[in-house]
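**Q**
In our numbering, the protein residues as written are 34 to 105.
(1) How about residue 80 and residue 41: are their beta carbons less than 8 angstroms apart?
(2) Evaluate residue 92 with the Cβ neighbour count: other Cβ atoms within 10 Å of its Cβ, from every protein chain shown; 16 or more gives buried, anything less gives exposed.
(3) Can you check whether the CB of residue 77 is closer than 8 angstroms to the CB of residue 52?
(4) Roughly how many angstroms separate the alpha carbons of residue 44 and residue 99, rounded to a whole number?
(5) Please classify residue 65: is it buried, with 16 or more other beta-carbons within 10 angstroms of its beta-carbon, or exposed?
(6) Tell me whether residue 75 is buried or exposed, calling it buried when 16 or more other Cβ atoms sit within 10 Å of its Cβ.
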């Protein structure tokens, strides 16, 4: 059996004035999923209300869940 993973990464050192965003996407969901996450996950983090109040953990979690539901 041959396993092919599509590693993608995001490195945004200037997400906003006080934060950076780094992500490594192993592509276990496929090439499309990895590319989707590179393109959109950080945008979802910024859009969530929790981010605006400084709760980055909740914002990241909600962004992941929203992105996941958008894929399927």
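Glycine included, C-beta positions come from ideal geometry on N, C-alpha and C.
**A** According to the structure shown:
(1) Mapped onto the chain shown, residue 80 falls at position 47. Mapped onto the chain shown, residue 41 falls at position 8. Contact flag unset, no.
(2) Taking the chain shown and counting its residues from 1, one reaches residue 92 at position 59. Residue 92 is buried by the Cβ-count criterion.
(3) Indexing the chain shown from 1 puts residue 52 at position 19. Indexing the chain shown from 1 puts residue 77 at position 44. Against a cut-off of 8 angstroms, the Cβ pair of residue 77 and residue 52 comes out as no contact.
(4) Within the chain shown, residue 44 is the residue found at index 11, counting from 1. Within the chain shown, residue 99 is the residue found at index 66, counting from 1. Those two C-alpha atoms are separated by around 21 angstroms.
(5) On the chain shown, position 32 is the one that residue 65 refers to. It counts as exposed.
(6) Indexing the chain shown from 1 puts residue 75 at position 42. So residue 75 counts as buried.
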